[in-house]
Amino acid sequence: NAGVTQTPKFRILKIGQSMTLQCTQDMNHNYMYWYRQDPGMGLKLIYYSVGAGITDKGEVPNGYNVSRSTTEDFPLRLELAAPSQTSVYFCASSRGGGNEQFFGPGTRLTVL
Amino acid sequence: AQSVTQPDIHITVSEGASLELRCNYSYGATPYLFWYVQSPGQGLQLLLKYFSGDTLVQGIKGFEAEFKRSQSSFNLRKPSVHWSDAAEYFCAVGENDYKLSFGAGTTVTVRA
Chain A
64 NAGVTQTPKF RILKIGQSMT LQCTQDMNHN YMYWYRQDPG MGLKLIYYSV GAGITDKGEV
124 PNGYNVSRST TEDFPLRLEL AAPSQTSVYF CASSRGGGNE QFFGPGTRLT VL
Chain B
75 AQSVTQPDIH ITVSEGASLE LRCNYSYGAT PYLFWYVQSP GQGLQLLLKY FSGDTLVQGI
135 KGFEAEFKRS QSSFNLRKPS VHWSDAAEYF CAVGENDYKL SFGAGTTVTV RA
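Protein sequence lines correspond, in order, to chains A and B.
Numbering-wise (the working numbering), the first sequence opens with residue 64 and increments by one.
Numbering-wise (the working numbering), the second sequence opens with residue 75 and increments by one.
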């Protein structure tokens, strides 16, 4: 099993550009999550999904969109990139029901 | 709303010495509690978790944590630190196993 995979690993965007961060898991987990990690701030939940076709906002959803058309994939979309979105983005998945979240290796995004 | 405080931003410990990382939370009921570890450039890995039952929980890599309801704390300990324990450690709290709130993290440096 590859676990949780994320692409790309690194990306530099110009202000106003858009992009999609990809996340795929092969563990058949129902729950998936997107976090951002800023220095000294810990992880903040952006969006989460409890199953295909179901998504909900987390703590910091503004400027982002998600979709969940399959169990495996949970892409995160940035429509109009802003410098405040410079961060490291982590995707995670879990079975739910008290089980641990498994994290991907992260995507480092810089918006200039 | 739940919140997590990790009072120590950075701890330096000698190899073979004991380690204790502090975590305090704010939540009305008994939350789900987790400790995760992040090695440089990697995603997060679960060390241990507490939902209910015995307040002293054992995790991987020789770590343990104790839940103290009266102090709203969930401190992480290891009796003898190895150089490979150098990493960043995150405490997380949630009303269930998703929608977690993470602390800002404690960076552990191990000196020879």
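All C-beta atoms, glycine included, are put in the ideal place defined by N, C-alpha and C.
Answer yes or no: the CB of A/E142 versus the heavy atoms of the ligand NAD, is any distance below 7 Å? Ligands in the displayed structure: none, and consequently the ligand NAD is not present.
Per-residue DSSP class, three states only, for B/G115: In the second sequence, residue 115 of chain B corresponds to position 41, counting from 1. B/G115 falls in the coil class under three-state DSSP.
Who does A/I117 pair with in a DSSP beta bridge? The count along the first sequence starts at 1 and reaches residue 117 of chain A at position 54. The partner list for A/I117 (beta bridge, DSSP) reads A/G114.
Through-space distance from B/F164 to B/R143, alpha-carbon basis: Here the question's residue 143 of chain B lines up with position 69 in the second sequence. Here the question's residue 164 of chain B lines up with position 90 in the second sequence. Distance between the alpha carbons of B/R143 and B/F164 is about 19 Å.
Between which residues of its own chain and B/F137 is the CB-CB distance below 8 Å, once the five residues before and five after are set aside? Walking along the second sequence from the start, residue 137 of chain B turns up at place 63. Contacts found: W109, L121, L122, L150, R151 and K152.
Along the chain, where does the beta strand (DSSP E) that runs through A/R158 open and close? As a first step, residue 158 of chain A must be located in the first sequence, where it is residue number 95. A/R158 -> no beta strand (DSSP E), and no H or E assigned at all.
Work out the CA separation of A/S132 and B/V87 for me, nearest whole Å. To locate residue 87 of chain B, count along the second sequence from 1; it is residue 13. To locate residue 132 of chain A, count along the first sequence from 1; it is residue 69. Taking the straight line joining both Cα atoms gives about 47 Å.
Using the Cβ count rule (16 or more neighbours within 10 Å means buried), how would you classify B/R185? Here residue 185 of chain B refers to the residue found at position 111 of the second sequence. With fewer than 16 Cβ atoms within 10 Å of its Cβ, B/R185 is classed as exposed.
Chain A contact residues for B/K123, given Cβ-Cβ distances below 7 Å: The residue you call residue 123 of chain B lines up with position 49 of the second sequence. Going along chain A in sequence order, the residues near B/K123 (Cβ under 7 Å) are E163.
In chain order, what residues of the same chain have a beta carbon less than 8 Å from the beta carbon of B/E169, not counting five sequence neighbours either side? Locating residue 169 of chain B in the second sequence gives position 95, where the first residue counts as 1. Excluding residues within five positions, the ones whose Cβ falls inside 8 Å are Q76, Y101, A103, P105 and Y106.
Straight-line gap, A/E135 to A/K120 (C-alpha atoms, nearest Å): Counting from 1 along the first sequence, the entry for residue 135 of chain A is found at position 72. Counting from 1 along the first sequence, the entry for residue 120 of chain A is found at position 57. Looking at the two C-alpha atoms, the distance is approximately 19 Å.
Does DSSP classify A/K107 as helix, strand or coil? The count along the first sequence starts at 1 and reaches residue 107 of chain A at position 44. Three-state DSSP puts A/K107 in a strand.
Just to confirm, are A/L141 and A/S81 a CB contact at a threshold of 8 Å? If you number the first sequence from 1, residue 141 of chain A lands on position 78. If you number the first sequence from 1, residue 81 of chain A lands on position 18. Taking 8 Å as the Cβ cut-off, A/L141 and A/S81 qualify as a contacting pair.
Check the Cβ of B/L120 against every Cβ in chain D and list those closer than 7 Å, keeping chain order. Absent from the structure: chain D. Protein chains present are A and B.
Whether A/Q100 touches A/C154 by CB criterion (8 Å): The residue given as residue 100 of chain A occupies position 37 in the first sequence. The residue given as residue 154 of chain A occupies position 91 in the first sequence. It is not a contact, given that the beta carbons lie outside the stated cut-off.
When the Cα atoms are used, what is the spatial distance from A/Y98 to B/Q119? What you label residue 98 of chain A is simply residue 35 of the first sequence in a count that begins at 1. What you label residue 119 of chain B is simply residue 45 of the second sequence in a count that begins at 1. Going by the C-alpha atoms only, they are around 14 Å apart.
Using 10 angstroms around the beta-carbon of A/Q148, count the other beta-carbons present and answer buried if the total reaches 16, otherwise exposed. Here residue 148 of chain A corresponds to residue number 85 of the first sequence, with the count starting at 1. The residue in question, A/Q148, is buried, as its Cβ has 16 or more Cβ neighbours within 10 Å.
Can you pull the chain B residues whose beta carbon is under 9 Å from the beta carbon of A/P168, in chain order? Against the first sequence, residue 168 of chain A aligns to sequence position 105. Going along chain B in sequence order, the residues near A/P168 (Cβ under 9 Å) are G115, Q116 and G117.
Taking A/F153 as the query, report the chain B residues whose CB atoms sit under 8 Å from its CB, ordered along the chain. For the purposes of this step, residue 153 of chain A is taken as the residue at position 90 of the first sequence. Correct list: G117 and L118.
Along chain B, which residues have their Cβ under 7 Å away from the Cβ of A/G105? Taking the first residue of the first sequence as position 1, residue 105 of chain A is located at position 42. Those are F164, F176, G177, A178 and G179, listed as they occur along chain B.
With a threshold of 7 Å on Cβ separation, who are the neighbours of B/A178 within its own chain once the five nearest residues in sequence on each side are excluded? Your numbering for residue 178 of chain B matches position 104 in the second sequence. Only Q80 meet the Cβ criterion.
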